[in-house]
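Undergrad:
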Amino acid sequence: MSDGTTTVGRSATRRPARSGWVAWAYVAPALLIYGAFLLFPLGRAAQYSLFEWDGLGESTFVGFDNYVEILFDERLREAFWHALVLVFFYAVLPLAIGLVLAALLTRSQVRGLGFFRSVIFLPQVIAMVVVAVTWRQIYAPDGPLNGFLRLIGLDSLTRPWLGDYTFTLPAVGLIGTWVCTGLVTVLLMAGMSRVPRELYEAARLDGSGPVREFFAITLPTVRGEITVALTLTIVAALKTFDLVYVTTSGGPGTSTTVPSYEIYRRAFQLGDVGVATAVGIVLTIIVFAINGVVNMIGDRK
Amino acid sequence: MKVSPIERGANYLVLIGFALVVLGPIGVIVTMAFGPKDASAAREGGAFHPENFPEAWEIGRFGQYMLTSVVVATVVVVVSVLASILAGYALGTMRFRGATLVFYIFLLGIMVPTEAFIVPLYFDLRVLGLTNTVWGVALPQIAMSIAFGTYWMRTYFRTSSLALIEAARLDGASSMRILWQVLVPIGRPAILTLVLLVFMWTWNEFLIPLVMSPNGAVRTAPLGLAFFQGQYTQGTALLAAGAVMVALPVVLLYVFLQRHFIKGMIEGAVRE
């Protein structure tokens with residue numbers, strides 16, 4: 001450990017004397033487990049990604065070939081493109097809905113807000129597999145969604161939602177919207193409740209309408225919450241696995257395959273461990289990069 | 001703030017509309033779970049079929065899968081929360097060389113996607129004979145929970161009263177004693193939140209048990225459900241009943257302790 005990492009300055013004044021090995025003894029169990037079962041395998045992933053290996057026999061060093069394959073393999077390129085589409089459904093759409101919803105609800109005192117908060121947060125605690133099984137039933141050819149469309153006379157819109165090359169990815173994405181919107185809205189409501197009411201009163205005396213109020217007061221206040229919401233939901237979109245595995249297995253064709261699903265398929269079904277780990281490393285880099293960019297924009301004054 | 005009655009009315013409409021959009025799909029699966037499982041059940045027993053649950057429990061082997069889930073979740077919660085309390089205590093209240101670096105190393109783990117490290121970990125644990133065991137399924141989840149748990153507990157210990165720690169130290173209490181007899185008792189709400197979050201993540205986890213137990217020896221409840229969906233294709237009532245049973249433990253905890261869930265997931269969102 002280098003000297004540059006010691007904690008001095010602000011925290012030095014409020015903390016007791018240096019503890020040395022006692023502190024390390026407390027950190028040791030956590031650090032050992034975490035190091036052995038997360039950090040070390042992450043390093044191994046970087047190593048594996050430079051080899052061609054089927055998971056059983058001999059491995060061959062291939063340098064960066066596995067990474068080059070990601071660029072040229074159409075299925076993998078598609079998977080990353082689909083992840084980007086899912087970002088729209090998991091992050092952008094919930095943020096848009098959440099901003100409007102939270103602003104509306106914070107402006108007026110409606111009763112039952114606490115109950116509403118609990119309800120819209122509920123999808124966050126339900127196992128994704130259960131969510132996937134549920135929506136598979138809803139989207140089934142003779143399921144409730146098509147039944148509802150027939151009921152209101154929109155027979156022409158009915159289709160096998162999870163068996164259609166154009167509509168399956170948006171259909172899967174909307175499940176993500178259903179899951180994420182509550183989290184985003186609750187986060188934003190918490191942020192907006194910090195705005196002092198006098199600020200709105202003053203703005204109203206100056207004659208600004210609700211839209212102006214929203215852009216001048218509400219939006220700047222919840223900048224931090226927007227950053228957190230985007231980080232959480234974008235990462236969730238990029239890591240989508242259970243949902244695709246249970247609803248579509250990447251199909252029809254390759255129309256809903258995503259990076260995580262490709263990692264699983266290549267490592268354990270096709271015996272292409274090198275490429276699978278390379279995709280994992282690329283995914284990790286993308287997650288960290290997006291995190292960095294979102295936080296950088298969010299922090300800029 | 002005063003708003004017009006029309007705007008207030010519109011807000012209630014929006015509120016109810018969104019609540020319905022969220023509750024609709026849940027209503028669909030619960031209704032299906034109580035519906036007739038086939039045409040003959042519909043003829044004989046009318047519209048309400050609670051017997052679907054014991055039948056799905058039996059056919060889908062949910063008893064066995066739930067038990068596996070309970071074992072895995074218990075191991076993950078106990079080990080990761082204990083380790084997180086110890087590490088968070090050191091990082092939150094003690095000054096030592098390398099503390100900041102260690103903290104950032106833990107933070108990193110919160111964001112690393114499971115997909116990235118689970119593949120090589122599977123092959124390494126296979127060599128050690130740990131795949132298809134409870135430990136093989138639990139250890140990677142313990143590691144992930146420790147990353148978040150250490151961050152979470154450090155935040156709590158940093159805000160806990162330093163005067164209290166100082167007073168206990170002057171009384172001659174050892175650092176262990178200060179932790180377990182002073183800080184942990186007053187930190188019960190923060191620890192309960194962590195326990196609930198780790199339990200929920202472990203119970204709902206899919207990829208890790210899928211990869212770590214390819215022969216199905218350690219099949220947790222969500223995997224059992226996915227497996228049941230593939231195996232059992234006659235009718236949807238039993239599948240729906242299975243889905244409700246898998247979701248129920250966490251949903252029940254949420255109903256009673258929702259403040260902890262919401263607080264934990266909102267405040268736990270990393271912002272450093």
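Residue numbers (UniProt numbering), protein chains in the order written: chain A, 1 to 301; chain B, 1 to 272. Note that CB positions come from ideal geometry on N, CA and C, so glycine has one too. Since we're looking at a predicted model, the values are computed, not measured.
(1) Can the beta-carbon of Ala-237 (chain A) be found closer than 7 Å to that of Tyr-139 (chain A)?
(2) Against chain A, which members of the region 184-205 of chain B pass a CB distance test of less than 8 Å?
(3) What does the Cβ neighbour count give for Gln-137 (chain A), buried or exposed, with the cut at 16 atoms within 10 Å?
(4) Less than 7 Å between CB atoms is the rule here; does Pro-120 (chain B) satisfy it with respect to chain A?
(5) For Arg-177 (chain B), which three-state DSSP category applies?
(6) Keeping to the same chain, check which residues put their C-beta closer than 7 Å to that of Leu-239 (chain B); ignore five residues upstream and five downstream.
(7) Taking only beta-carbon positions, decide if Leu-257 (chain B) is within less than 7 Å of chain A.
(8) Inspect the beta-carbon positions of Pro-209 (chain B) and Leu-192 (chain B) and report whether they are closer than 7 Å.
(9) Near Phe-241 (chain A), what residues of its chain come up, given a Cβ to Cβ distance below 8 Å and the 5 sequence neighbours on each side ignored?
(10) Who are the Cβ neighbours of Ala-39 (chain B) in its own chain at under 8 Å, not counting the five residues just before and after it?
(11) I want to verify the contact list: residues of chain B whose CB lies under 7 Å from the CB of Tyr-26 (chain A), in sequence order.
(12) Assign Arg-95 (chain B) to one of three DSSP states: helix, strand, or coil.
(13) Which residues bound the alpha helix (DSSP H) around Trp-135 (chain B)?
(14) Which of the three DSSP states is assigned to Glu-58 (chain A) in this structure?
(15) Can you tell me whether Tyr-104 (chain B) is buried or exposed, with buried defined as 16 or more other CB within 10 angstroms of its CB?
(16) Beta-carbon separation of Val-222 (chain A) and Leu-188 (chain A) under 7 Å?
(17) Compute the beta-carbon to beta-carbon distance between Trp-135 (chain A) and Thr-284 (chain A), rounded to the nearest angstrom, for a pair I have assumed lies under 8 Å.
(18) Assuming contact is defined by CB atoms lying nearer than 7 Å, are Ala-90 (chain B) and Val-27 (chain A) in contact in what I supplied?
(19) How would you label Ala-289 (chain A), buried or exposed, when you count the other beta carbons within 10 angstroms and need 16 or more for buried?
(20) Measure the alpha-carbon distance for Leu-38 (chain A) versus Val-112 (chain B) and round it to whole angstroms.
(21) Ends of the alpha helix (DSSP H) at Ser-4 (chain B)?
(22) Whole angstroms is fine: what's the gap from Gln-269 (chain A)'s alpha carbon to Pro-170 (chain A)'s?
(23) Pick helix, strand or coil for Ala-52 (chain A), following the three-state DSSP scheme.
(24) Among A:Met-128, A:Leu-162, A:Gln-47, A:Pro-210, which has the Cα closest to the Cα of Ser-108 (chain A)?
(25) Leaving out five residues before and five after Ala-10 (chain B) in sequence, what residues of the same chain have Cβ atoms less than 6 Å from its Cβ?
(26) Listed from N- to C-terminal order along the chain, which residues in the region 2-16 of chain B have their beta-carbon within a distance smaller than 7 Å of any beta-carbon of chain A?
(27) On the criterion of 16 or more Cβ atoms from any shown chain inside 10 Å, does residue 306 (chain A) qualify as buried, or is it exposed?
(28) Is Tyr-232 (chain B) close to chain A, meaning its C-beta is less than 7 Å from at least one C-beta of that chain?
(29) Using only the alpha-carbon positions, how far apart do Ala-127 (chain A) and Gln-141 (chain B) sit?
(30) Counting only C-beta atoms, is Phe-117 (chain B) closer than 7 Å to chain A at any point?
(31) Would Arg-44 (chain A) pass as an interface residue toward chain B - the criterion being a Cβ-Cβ separation below 7 Å?
(32) To test your reading of the DSSP string, which unbroken alpha helix (DSSP H) runs of 4 or more residues are found completely within the region 192-243 of chain A?
(33) Using only the alpha-carbon positions, how far apart do Phe-96 (chain B) and Trp-21 (chain A) sit?
(34) Whose C-alpha, out of B:Thr-93, B:Thr-150, B:Glu-205, is nearest the C-alpha of Arg-169 (chain B)?
(35) Near Arg-117 (chain A), what residues of its chain come up, given a Cβ to Cβ distance below 6 Å and the 5 sequence neighbours on each side ignored?
(36) Listing by chain order, which chain B residues have their CB less than 7 Å from the CB of Asn-291 (chain A)?
TA: The relevant details are as follows:
(1) no
(2) Met-200, Trp-203, Asn-204
(3) buried
(4) yes
(5) helix
(6) Phe-228, Gln-229, Tyr-232
(7) no
(8) no
(9) Val-258, Ser-260, Tyr-261, Tyr-264
(10) none
(11) Leu-86, Ala-87, Tyr-89, Ala-90
(12) strand
(13) 134-159
(14) coil
(15) exposed
(16) yes
(17) Contact flag wrong, Cβ pair sits at about 28 Å.
(18) yes
(19) exposed
(20) 9 Å
(21) Per DSSP, Ser-4 (chain B) belongs to no alpha helix (DSSP H) and is neither H nor E.
(22) 26 Å
(23) The sequence shown places Glu at residue 52 (chain A), not Ala. Residue state, collapsed to three classes: strand.
(24) A:Pro-210
(25) none
(26) Val-3, Glu-7, Arg-8, Asn-11, Tyr-12, Val-14, Leu-15
(27) Examination of residue 306 (chain A) is not possible in this model, given that chain A is present from 1 through 301 alone.
(28) no
(29) 16 Å
(30) yes
(31) yes
(32) 197-205, 210-213, 223-238
(33) 8 Å
(34) B:Thr-93
(35) Val-186
(36) Met-111
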